[in-house]
Structure formats: C-alpha cells, structure tokens
Amino acid sequence: MTHAERKGSESGFSESEAQAIEKSFAADSQERRGHFRPRIVLVQLLSKFGAPDRAVLVGEREQEFVLALPRALPNGERVLIFDNSAPDGPRDISGIVISSRRGSRQDDKRLKLVINYVQEDISCEDAGAN
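Heads up, the sequence shown stops at 130 in this note's numbering, and the numbers go up one at a time, no gaps.
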C-alpha cells in the first residue's frame with residue numbers, strides 16, 4: 001500500500017485495506033488466536049465528531065478487545081465499537097483505550113499496523129439498564 005493509496009484514510013482503513021488485514025489475521029488465527037475470527041468493525045472516538053473509522057477486530061477476551069488500525073488511539077480515550085458481524089448478532093461496545101503498540105508480525109510491519117487494546121466500559125451498560 002502506497003502513501004497515495006492511504007491518502008484520505010488517515011484515521012481508518014479503506015474497505016479493501018480492511019479486508020486484506022482481516023484475511024491476514026484470519027490465516028494466522030487458527031494457530032495463535034484459537035477459534036476467534038477477525039472481522040471488520042467501526043470505531044468512533046467519543047471526543048471526535050464525524051464518521052467512525054474502519055478497523056479490524058483481531059482479538060477478544062473477557063472484556064478486552066484488540067483492534068488493528070493504521071494509527072494509535074489515544075490512551076484513556078472513550079470509544080464505541082460497532083461490531084455488526086459478531087457471531088451472536090450485531091452489538092455496540094463502549095470502551096476505553098488502555099494501550100497501543102506497533103504490530104509485531106511480518107504482515108503487521110509491512111502494513112504498518114498499530115494494535116490497540118480497548119477495555120469494555122461496563123459502567124455504561126449498567127447506566128443504560130435503569
């Protein structure tokens with residue numbers, strides 16, 4: 001992917017980029033991620049007005065979500081993850097970015113991926129239940 005191809009998608013992936021990343025992680029998922037299938041999601045920073053960014057959900061355990069993006073999300077930032085392809089049906093996840101790092105796999109480096117960790121904010125779910 002060249003700089004010109006990425007231009008205009010500084011904050012998220014294009015559809016074709018996201019699909020390529022999803023396939024890359026899916027090929028690797030059997031040996032490293034068990035039965036989890038990576039999938040394209042949308043991520044909205046709650047401090048940012050506008051359309052959500054396209055990302056790839058590459059891992060999930062308990063209340064932590066692992067997202068691949070072309071950039072780091074700010075630590076402490078509140079986000080909404082729109083997971084329309086979840087196995088149990090579409091879901092919206094409220095969370096807080098807890099850390100990010102550069103991708104370490106060969107494909108991660110080639111694609112210049114940043115792996116972002118988001119902790120689910122269950123206090124938002126509890127507040128909505130009343």
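Glycine included, each C-beta is placed from N, C-alpha and C at the ideal position.
Is I122 buried or exposed, if buried means 16 or more other CB atoms sit within 10 Å of its CB?
exposed
Inside the region 56-87 only - beta strand (DSSP E) runs reaching at least 3 residues
64-69 and 78-83
When burial is assigned at 16 or more other CB atoms within 10 Å of the CB, is E64 buried or exposed?
exposed
Given the structure, does S123 come close to the ligand COA, in the sense that its CB is under 7 Å from one of the ligand's heavy atoms?
What this structure holds is no ligand at all, so the ligand COA is not there to describe.
Nearest by alpha-carbon distance to A55: which of D108, I93, D88 and R39 is it?
For the options D108, I93, D88 and R39, the alpha carbon positioned closest to that of A55 is the one of R39.
R108 by DSSP, collapsed to three states: which one?
It is worth fixing the name first, because residue 108 is Asp in this sequence and not Arg. The answer is helix: DSSP assigns D108 an H, G or I state.
Helix, strand or coil for S94 per DSSP?
strand
Identify whether S100 lies in helix, strand or coil by the three-state DSSP scheme.
If DSSP states are grouped into helix, strand and coil, S100 belongs with the strands.
Are the beta-carbon atoms belonging to V41 and I81 less than 8 Å from one another?
Taking 8 Å as the cut-off, the beta carbon of V41 is found closer than this to the beta carbon of I81.
Looking only at its own chain, which residues have a Cβ that is under 7 Å from the Cβ of R91, when we skip the five neighbours before and after it?
D83
Only counting the same chain, and skipping five residues up and downstream in sequence, which positions put a Cβ closer than 6 Å to that of Q44?
P52 and L80
Please state whether the Cβ-Cβ distance between R71 and V118 is less than 8 Å.
no
Let me check understanding here. Comparing Cα to Cα, which of S100, A20, G12 and S14 lies closest to R110?
A20
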